[in-house]
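Trainee: One structure coming up, written as C-alpha cells, with questions to follow.
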Amino acid sequence: MPAVRTGEQHRIVTILAGGPTPEYVSSITTALGILAHRDSLKDHFSFIPCLISKTGVWLDETTSERALAVYQKGDDDALQRMEEVVCAGTSVPPWLVVSSSTVVFPTIGGALGEDGVIIGLCRALATPFVGCDILTSVICLDKAVCKSVLQTAGLSQTPHIVVQPSDDLGLILESKHFSLPWVVKPADGGCSIGVSYVKSFGDFTVAIDKARGHYPDSNILVEPLVEHMLEIDVAVMEEISSTGDRRLVFSPPGLRQNFHLHLASSASSGVTASSAQGDKNAEGELSWLVPAPDLPEDVVKTMQALAKRAFRAVQATGFLRVDFFYVPTTGEILINEINTIPNTSIDSMWFKLWAAAGIEPKDWVIRVVEHALRRGDSQRLKLPLRNV
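Per the UniProt record's numbering, numbering through the sequence shown is continuous, rising by one, with the last residue being 388.
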C-alpha cells in the first residue's frame, strides 16, 4: 500500500497500471509517461505506482517501483525480467490501495480499467479518480454501444454491423452489407489490438478469429474502409474552477499518418492484422503532425464542435480523445471512436495535442488531478470504509 504521508504537499496520487488485459504493455508505458513528471511535481503531489499483474494481483509500492525500473531499462528481455519481479513480489488488497490514496489515476486500457470497474471501486470507497466516470467508460469501451449513443445524438459515423459470438458468419457474408475492403475489430478492445483489414470475402473468418484470439467473448465490429480519408484526433478536457464552474478545453486537431491506411495497404490481398502491441503502444514510432496541416479553419471549428457534442453525448466529465475520419475531397467528417484512457507515454500523440494548445505535460497532469479533487469534493460518498 502507499506509505502514509501527511500535509497538503503530500497528497498521494496512485497510478494504477498493467492488469489482466491485452493492453498490458500499453498501460505500462502510459503510467511511465505520468511518473516521468513526479520529481517536478513533488511539491504538489506524491506519485505512487501500483502495478497489477496479468493475473489480476495488485502489488505493493516496493514491488511496483522495482518492476517498472526493470522495464525502463529497455533491454530485449526487460518485459520478461519485469514479470519475474512481479511474480516474486508482495500483493496488497485492492481496497487498501484505493482507500489509502488521495486520488487514483487509472492507466489501464480495456478490462478492469477502461471499462469502469476500477472507477466503481473508487466510487465505493469515496476516493477521487482521474478521468471519466463509470457510465462514460462503459459506453466508450464498447464501440458498438458507443456508436448507438452517438447515432442517437445525430453524429455521423461509418456504417457498421455487429457480429456476435453466436452469429452465422456465412449469413453475414451472403448479406454483403457493404463492399470490400472491410475493417474488422473487437468491439471492446483498444490499442488497435486484433484489428484486421479484409480484402477478400474468404479471409473474413480469419479476421474474426484474430479478433477473438485477443478478446474471446467480444462482439466484433465490421466496417467499410473509408477511402481517401485522413485520421484526425481532437483531445477534450473538462476543467472545474474553484467555484465549481465547468468548462471544456480542446486541442487543435492532430493528424496521424495514416495508421489504418498503412496497415490496409501493407498487403496486396487477403487479411492484414495489426500488431499485438497496437496503435497506442507504437505512438512514438508513428508519424504525427500537430496541428494537422492544411486543414481549413471551418473544418477545425467543426471538428472541435463535434468533439464537444460527442463529449456531452457520452456524458463525460474528465477527458477523452475523439478520433475522426476526414475526407478532404468531399468534406465529410465521421467519428471513428472515442478513447477515454489515451496513451500518455512521453512521446505520445496525447501530449503533443495538448502542447499545441499551450498545455505542457506537467501542467496537464496537475489539471487532471485537480479536476479529480474538485469533482470528488462535490460527489464524494460518505462511507465509513474511507477511514478504514
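Just so it is clear, CB atoms sit at the ideal spot from N, CA and C, and this is done for glycine as well.
Secondary structure at R374, three-state DSSP: helix, strand or coil?
Mentor: Helix at R374.
Trainee: Would you kindly work out how many angstroms separate the C-alpha atoms of V149 and D60, rounded to a whole number?
Mentor: Spanning the two alpha carbons is a distance of roughly 39 Å.
Trainee: Going by alpha carbons, who is nearest to S242 out of V104, R367, G74 and A88?
Mentor: If we check each option's Cα against that of S242, R367 comes out closest.
Trainee: Tell me the DSSP secondary structure of Y197 in three-state form.
Mentor: Three-state result, Y197: strand.
Trainee: Leaving out five residues on either side along the sequence, give the residues of the same chain with a beta carbon under 7 Å from the beta carbon of Y24.
Mentor: Correct list, in chain order: G18 and K54.
Trainee: Among S218, V226 and D217, which has the Cα closest to the Cα of Y197?
Mentor: Considering only alpha carbons, the answer is V226.
Trainee: Could you pull the start and end residues of the alpha helix (DSSP H) that W95 belongs to?
Mentor: Here the alpha helix (DSSP H) through W95 covers P94 to S99.
Trainee: In this structure, does DSSP put A17 in helix, strand or coil?
Mentor: In the structure shown, A17 sits in a strand (DSSP, three-state: E or B).
Trainee: I need the straight-line Cα distance from T63 to T344, nearest angstrom please.
Mentor: Computed Cα separation, rounded: 22 Å.
Trainee: Using only CA atoms, which one of G154, L41, I52 and F129 lies nearest to S27?
Mentor: Comparing Cα positions, the closest option is I52.
Trainee: Scan the segment 94-152 and note each continuous beta strand (DSSP E) run of 3 residues or more that stays entirely inside, going in chain order.
Mentor: Listed in chain order, they are 103-106.
Trainee: For N219 and R38, what's the separation of their Cα atoms in angstroms?
Mentor: Straight-line Cα distance between these residues: approximately 39 Å.
Trainee: Put A310 into one of helix, strand or coil per three-state DSSP.
Mentor: It is helical.
Trainee: Secondary structure at A356, three-state DSSP: helix, strand or coil?
Mentor: Three-state result, A356: helix.
Trainee: Out of R312, E332 and C87, which has the shortest C-alpha to C-alpha gap to V299?
Mentor: Taking only the C-alpha atoms, the option nearest V299 is E332.
Trainee: Could you tell me whether the segment 160-174 touches the segment 129-137, using the rule of 3 or more Cβ pairs below 8 Å?
Mentor: Counting Cβ pairs under 8 Å, fewer than three are found: no touch.
Trainee: Alpha carbon to alpha carbon, what distance is there between D203 and W364?
Mentor: Taking the straight line joining both Cα atoms gives about 44 Å.
Trainee: Closest to Y215 by C-alpha separation, out of K185, V222 and H371, would be which residue?
Mentor: Checked all of K185, V222 and H371; the closest Cα to Y215 is K185.
Trainee: Quick one: using the 10 Å Cβ neighbour count with 16 as the cut-off for buried, is L169 buried or exposed?
Mentor: Exposed, because fewer than 16 other Cβ atoms sit within 10 Å of the Cβ of L169.
Trainee: Please name the residue, chosen from V13, K143 and W95, that lies closest to V222 on a Cα-to-Cα basis.
Mentor: That would be K143, whose Cα lies nearest to the Cα of V222.
Trainee: Alpha carbon to alpha carbon, what distance is there between F250 and H371?
Mentor: Cα-Cα distance, rounded: 16 Å.
Trainee: Among the candidates K73, L121, G74 and L79, whose CA atom is the shortest distance from the CA of L96?
Mentor: Here the closest residue by C-alpha is L121.
Trainee: Which two residues bound the contiguous beta strand (DSSP E) that contains L173?
Mentor: Per DSSP, L173 belongs to no beta strand (DSSP E); it is in the alpha helix (DSSP H), L169 to S175.
Trainee: Can the beta-carbon of F105 be found less than 8 Å from the beta-carbon of T29?
Mentor: No, the Cβ-Cβ distance between F105 and T29 is not below 8 Å.
Trainee: Do you know whose CA, among Y71, C87 and A307, lies nearest G56's CA?
Mentor: Checked all of Y71, C87 and A307; the closest Cα to G56 is C87.
Trainee: Apart from the five residues just before and just after K352, which ones in its own chain have a Cβ nearer than 7 Å to its Cβ?
Mentor: The residues are G254, W288 and V290.
Trainee: Give me, in chain order, the residues of the same chain whose beta-carbon lies closer than 7 Å to that of T205; leave out the 5 immediate sequence neighbours on both sides.
Mentor: Excluding sequence neighbours, T205 sits near L169.
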